[in-house]
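Scroll down for the structure; my scribbles are underneath it.
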Amino acid sequence: MAMTTRKPKIKSGSETQPPLRRGWTTGACAAAAAKSAYHALLTGRFLDPVTVALPKGDAPAFPLARAELGDGFARAGIVKDAGDDPDITHGAEIIAAVAPGPRGTGITFAAGPGVGTVTLAGLPLAVGEPAINPAPRKIIAEAIDAVARELNASGLSRVCLLSGAEGIDVRVTVSIPGGEELAQKTMNGRLGVKGGLSILGTTGVVIPYSCASWIHAIHRGVDVARAQGIDTLGAATGKTSETALRALIPLPEAAIIDMGDFAGGLLKYLRKAPVSHLIIAGGFAKMVKLAQGHGDLHSARSRIDFKDLAVLAATAGAARDDCARIERAATAYAVLQDFPELTPNLAALVARRARATALATLSGGVDVDILVIDRTGRLIGDTRRERDRVDG
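The sequence shown begins at 11 in our numbering and counts up by one.
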């Protein structure tokens, strides 16, 4: 659920940049592995490559990295290709073992090594369940069902040995070698997923740089907090801001949301899953972007309007010549460096406007405060102070 620094290979200069290559989710890989393993369990032959149908019509073919047929089980593995997305599970092997289940139980799921178990309420799975999300479970079940239907049509009698009155009875165990170590680089621990990674993927397709897994983790973090009765959330744009937030405001671990650059993703979700109070902590530049109406705070996807920042600086007391310099500034950090005397008033104005943006996005129901943090972790803007003065 976390981003890594692996970069796509893109041509530079005047050459045309090729389109970024799509990839496949852990759920799609698990479904393909389970399909091949189930086929081998029934016929003794693995499908390699194995094609799996995905919800939006894609039908990728996956080569097997592993094929093991044992006494009463079959196991297949597929190395995940996330395309040009910086996905932490790119290159991981997703393994599915299929074995007969008790009659009448249907298709059930288990977490093998490297796949986590749900320990907190609020996720779309019950506590104690393997962290194989509902959408991947559906894709896996449909892939297994497709094999059963195909082999039934061909008259293979062994299918009935794995079928009860209500359908197919098999247990699918998903594993990811090294998954527990990879999970330490994700948000799983905060979400109450222990012991490994989650099997994710609504469509089965990884869209490069869509950051879907991060936004998914933000949403699940809100769900987990709400399920625990937490009514104040703290959201931070990065480690420095989170450290400052924790020092300033004692909050339970489940109340802390690693928002990153996705302020819009958090705020829009809170419209339909509200809490009483949201505290956003972020660096000066990112809070300027939020103040200027941006929901995505990433440097490559939104830009600071320095002319607007200069107008705000004038309100904060900057002289006309200083405002002209701010209009030409290269970075927001340079503004703080060059005009330290403006910092208290300017940061306070940025915090106030960022709060207004957040409240407008939320459309009521959630109160908001903004903490503006400088690069050293120092609090330089705080809407709580201003609100306390007004209330007092």
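Ideal Cβ positions, reconstructed from N, Cα and C, are used throughout, including at glycine. Computed from a prediction, not measured in an experiment: that's the story for all the values here.
*Since F83 sits in a beta bridge, which residues does DSSP pair it with?*
The count along the sequence shown starts at 1 and reaches residue 83 at position 73. In DSSP, F83 forms a bridge with G80.
*State the Cα-Cα distance for the pair L30 and L346, rounded to the nearest angstrom.*
One-based indexing of the sequence shown puts residue 30 at position 20. One-based indexing of the sequence shown puts residue 346 at position 336. If I take the Cα positions, the gap works out to 37 Å.
*asked:* With a threshold of 6 Å on Cβ separation, who are the neighbours of G375 within its own chain once the five nearest residues in sequence on each side are excluded?
replied: In the sequence shown, residue 375 corresponds to position 365, counting from 1. If we look at G375 and ignore the five residues flanking it on each side, its Cβ neighbours are P284.
*Identify whether D348 lies in helix, strand or coil by the three-state DSSP scheme.*
For this step, residue 348 is matched to residue 338 along the sequence shown. Helix at D348.
_Whole angstroms are fine: how far does the CA of A246 sit from the CA of L258?_
The residue labelled residue 258 in the question sits at position 248 within the sequence shown. The residue labelled residue 246 in the question sits at position 236 within the sequence shown. One C-alpha to the other measures close to 13 Å.
*Sort G211, K249, R236 and V60 by Cα distance to I149 and report the nearest one.*
Translated into positions along the sequence shown, residue 149 becomes position 139. Cα-wise, what sits closest to I149 is G211.
*Please work out which residues of its chain come closer than 6 Å, Cβ to Cβ, to A328, disregarding the five sequence neighbours upstream and downstream, and give them in chain order.*
Translated into positions along the sequence shown, residue 328 becomes position 318. The residues are L352.
*Please report how far the alpha carbon of L133 lies from the alpha carbon of A368, in whole angstroms.*
Residue numbering aside, residue 133 sits at position 123 when the sequence shown is read from its first letter. Residue numbering aside, residue 368 sits at position 358 when the sequence shown is read from its first letter. Each residue's alpha carbon lies about 25 Å from the other.
*asked:* Are the CB atoms of G122 and A107 within a distance shorter than 8 Å?
replied: By one-based count along the sequence shown, residue 107 stands at place 97. By one-based count along the sequence shown, residue 122 stands at place 112. It is a contact, given that the beta carbons lie within the stated cut-off.
_Tell me which residues share the same chain as A42 and place their Cβ nearer than 6 Å to its Cβ, disregarding the 5 neighbours each side in the sequence._
Counting from one through the sequence shown, the residue named residue 42 turns up at place 32. Same-chain partners within the cutoff: V60, V62, F72 and I88.
*Around the Cβ of P70, are there at least 16 other Cβ atoms within 10 angstroms (buried) or fewer (exposed)?*
Looking up residue 70 in the sequence shown gives position 60. When all chains shown are included, P70 counts as buried.
*For V298, which of A334, A364, S286 and I186 has the nearest alpha-carbon?*
One-based indexing of the sequence shown puts residue 298 at position 288. The shortest Cα separation from V298 among A334, A364, S286 and I186 belongs to A364.
*Once you ignore the five residues that flank L389 on each side, which residues in its own chain have a CB closer than 8 Å to its CB?*
Along the sequence shown, read from residue 1 onward, the residue named residue 389 stands at position 379. Counting only Cβ-Cβ distances below 8 Å, and skipping sequence neighbours, we find A254, L258, L381, V382 and I383.
_Residue from G231, I209, P218 and I225 with nearest C-alpha to G199_ = Numbered from its first residue, the sequence shown carries residue 199 at position 189. For the residues G231, I209, P218 and I225, the minimum Cα distance to G199 belongs to G231.
_Reference V436; option with closest CA among T53, G202 and V234_ = Here the chain covers residues 11 to 402 and nothing more, so residue 436 does not appear.
*P354, buried or exposed, once every other Cβ within 10 Å from all chains shown has been counted against 16*: What you label residue 354 is simply residue 344 of the sequence shown in a count that begins at 1. P354 is exposed by the Cβ-count criterion.
_So if DSSP puts P140 in a beta bridge, which residue, or which two residues, is it bridged to?_
As a working mapping, residue 140 is identified with position 130 in the sequence shown. Paired residues: T127.
*At what residues does the alpha helix (DSSP H) containing F294 begin and finish?*
Within the sequence shown, residue 294 is the residue found at index 284, counting from 1. F294 to A301 is the extent of the alpha helix (DSSP H) around F294.
*Check R313 in the structure and name its three-state DSSP category.*
Here residue 313 corresponds to residue number 303 of the sequence shown, with the count starting at 1. Coil, per DSSP.
*In or out: T325 buried (at least 16 other Cβ within 10 Å) or exposed?*
In the sequence shown, counting from the first residue as 1, residue 325 sits at position 315. When all chains shown are included, T325 counts as exposed.
*My guess is that A358 and G391 are in contact by the Cβ rule of under 8 Å, so how many angstroms apart are they, rounded?*
For the purposes of this step, residue 358 is taken as the residue at position 348 of the sequence shown. For the purposes of this step, residue 391 is taken as the residue at position 381 of the sequence shown. Confirmed, about 5 Å.
*In or out: R338 buried (at least 16 other Cβ within 10 Å) or exposed?*
Here residue 338 is taken as the residue at index 328 of the sequence shown, counted from 1. Exposed.
*In angstroms, rounded to a whole number, what distance separates the CA positions of D348 and G202?*
Taking the first residue of the sequence shown as position 1, residue 348 is located at position 338. Taking the first residue of the sequence shown as position 1, residue 202 is located at position 192. Straight-line Cα distance between these residues: approximately 44 Å.
*Looking only at DSSP bridge pairs, what is W34 linked to?*
Within the sequence shown, residue 34 is the residue found at index 24, counting from 1. BP columns for W34 point to V215.
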